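Mapping to the working numbering: the sequence shown position 139 is 1200, numbers consecutive.
Just so you know, even glycine gets a beta-carbon here, dropped at the ideal spot from N, CA and C.
It should be emphasised that the depicted structure is a prediction, and the values quoted were computed from it without experimental measurement.
To start, the structure under review is shown below, and the notes come after it.
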Amino acid sequence: MNAAPLLISYHELESYLKALPEAQRKRYSTEISRLFNKNYPPVVSPYCLAILFGYSLEFVHALCKKKHKYYRTFTIKKGKKVRVIQAPKVALKVIQKWIGYHLGLNCRFPEHVFGFIPGTSALMAAEMHCNAHWVYSIDIKDFFSSISEVLITKALQEIGYSNIGSQLAASLCCFNDFLAQGSPASPVLSNLAMTEIDIKLRAVSEELDIKVTRYADDIVFSGKSVFPDSLKDRVIQIFDGTGLELNADKEYFADSQKGQRLKVHGLLVNGDKPKLTKGYRNKIRAYKHLLGSDKVLDKDLKRLNGHLNYANSIDK
């Protein structure tokens, strides 16, 4: 599903404003124009959103107040764990896709943030840590489902949305008071919600003269000097009181000076450029053999080719 244009079916701002009743136009035209000029989705009120999408006002209210009717919940396996997905149904997904797409194109995030941003990748994040002497990484537990609707509302207000508009947009993109795992708006909204934390992480890295990257829920530090004893406690302090929890089970530290391999996002960064691990290379050879034997089931073909394309992108 492609994202809808900024003004949906209206070709220009004036035609949308003229479609609004006079009272709504007088109250919201300045706010709509300001958001439109930033290329942000002009979410200002339920009534104006209903006019924009051609929905009834009652339906927009229902999307916010009777959310269980507009999501499909299911589970998928990820390794040994089961992940619960709340996937929006079409009418709601159209709005979420619209919000996520246009905010993703036009919001600016700190340079050390690589996840969910056009033109960035896990490979680019890993490249930042090449030739380091040590790597320390920590994972944010249950990332999307720990980011609250309150936090999203605050983040939207920080970039210029009104109280009403920010609450409406946050409500449309959250399920049970948190970001929906299957919403197309969740990636960019998670980055917005992390802005204050990202600023603090960057400040710590600059103070300690080390590097930091964040790719979604994965925070990585690296350096060429001695590992700072205070770093772990500083990171914990940053997350205190945020509602987000660090996952101690996924904490990782490696020191190349002790002959250890440095891994970032599954790639080795001991040298000048990221490389595939030996284990992954062996897996790729096995996949190539399977593909050459014509024994691959159709349902597995896309997944295997995805692995091969990824390996080629690293080794090119």
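Asked	Found
Suppose contacts are defined by Cβ-Cβ distances below 9 angstroms. Is L1253 in contact with L1229 by that definition?	no
As a quick exercise: from K1360, V1196 and Y1222, pick the residue whose alpha carbon is nearest that of D1316.	V1196
Per DSSP, which residues does D1329 bridge with? Please list them.	One point to set straight first is that residue 1329 is Leu, not Asp, in the sequence displayed. Per DSSP, K1324 and K1336.
Beta-carbon within less than 7 angstroms of Y1162's beta-carbon, same chain only, minus the 5 sequence neighbours each way: which residues are those?	A1064
Alpha carbon to alpha carbon, how far is R1295 from A1246?	30 angstroms
Can you tell me whether DSSP reads Q1147 as helix, strand or coil?	strand
Compare the C-alpha of A1148 against each of H1072, A1241, D1200 and A1123 and name the closest.	A1241
Per DSSP, what are the beta-bridge partners of A1231 in this structure?	Answer by DSSP bridge pairing: none, since A1231 is not bridged.
Which complete beta strand (DSSP E) runs does the segment 1278-1328 hold, if anything under 3 residues is left out?	1279-1284 and 1307-1316
Do you know how far the Cα of T1256 is from the Cα of F1170?	8 angstroms
Please state the DSSP three-state secondary structure of I1137.	strand
Taking 6 angstroms as the limit between beta carbons, can you name the residues of its chain near A1080, skipping five residues before and five after?	I1112
Find out if the Cβ-Cβ distance for the pair S1198, I1280 is shorter than 9 angstroms.	yes
Along the alpha helix (DSSP H) that carries T1077, what are the first and last residues, could you check?	As written in the sequence, residue 1077 is Tyr, which differs from the Thr given in the question. It spans L1074 to A1080 - the alpha helix (DSSP H) in which Y1077 sits, taken as one unbroken run.
Just the C-alpha distance for V1265 and H1173, rounded to the nearest angstrom, thanks.	13 angstroms
Using three-state DSSP, classify D1355 as helix, strand or coil.	coil
Please classify I1199: does DSSP put it in a helix, a strand, or coil?	strand
Compute the Euclidean distance between the alpha carbons of I1258 and K1215, then round it to the nearest angstrom.	13 angstroms
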